[in-house]
Amino acid sequence: MDNRNTPEDKPVQRSKSFSFKTPREVCSSCEKTVYPMERLVANNLIFHSACFCCKHCNTKLSLGTFAALSGDFYCKPHFQQLFKSKGNYDEGFGRKQHKELWTSKEGENITKTA
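In the numbering used here, the protein residues as written are 124 to 237.
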């Protein structure tokens, strides 16, 4: 009698495509491991829900209460305040104004044509 056909003797064959190992995700703010229950994704960046804070006042943000500019995240009140104080995005956030780039290019074109 052949005992190899009993269910107890057959080796269990596991699928090679299934694995409990998931790729390790790292918080964009603190660079520590983010587990699925605390995972938050904003602008294709992964955060702990506690690390997703306003750059200006450090208030905890949610997906409905943030505004982003050039990879920085702000609460909506500070985003509006910083925008309104200078009248444009670039100067309000400490960057060179776009019109300065245009004037420098126009100056180059004038000297090249003269």
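C-beta: ideal position from N, C-alpha, C; glycine also.
Item: Outcome for Tyr197 when other beta-carbon atoms lying within 10 angstroms are tallied against a minimum of 16; Value: buried
Item: Beta strand (DSSP E) segment containing Val164, residue limits; Value: 162-165
Item: Proximal residues to Cys150 (C-beta, below 6 Å), its chain only, five neighbours per side dropped; Value: Val157, Phe170, His171, Cys174
Item: Sheet register partners of Phe171 (DSSP bridge); Value: According to the sequence as given, residue 171 is His; it is not Phe. Looking at the DSSP assignment, His171 forms a beta bridge with Arg162.
Item: Among Ala191, His201, His179, Glu223, nearest to Val164 - alpha-carbon criterion; Value: Ala191
Item: Span of the beta strand (DSSP E) around Cys198; Value: 195-198
Item: Rounded straight-line distance, which links the Cα of Glu223 to that of Pro146; Value: 44 Å
Item: Integer Cβ distance of Lys178 from Thr188, believed to fall under 8 Å; Value: About 14 Å separates the two Cβ atoms, so there is no contact after all.
Item: Environment of Leu184 [buried if 16+ CB atoms lie within 10 Å]; Value: buried
Item: Which residues DSSP lists as bridging Val149, in chain order; Value: Thr156
Item: Check: Val164 C-beta below 7 Å from any heavy atom of the ligand MG; Value: What this structure holds is no ligand at all, so the ligand MG is not there to describe.
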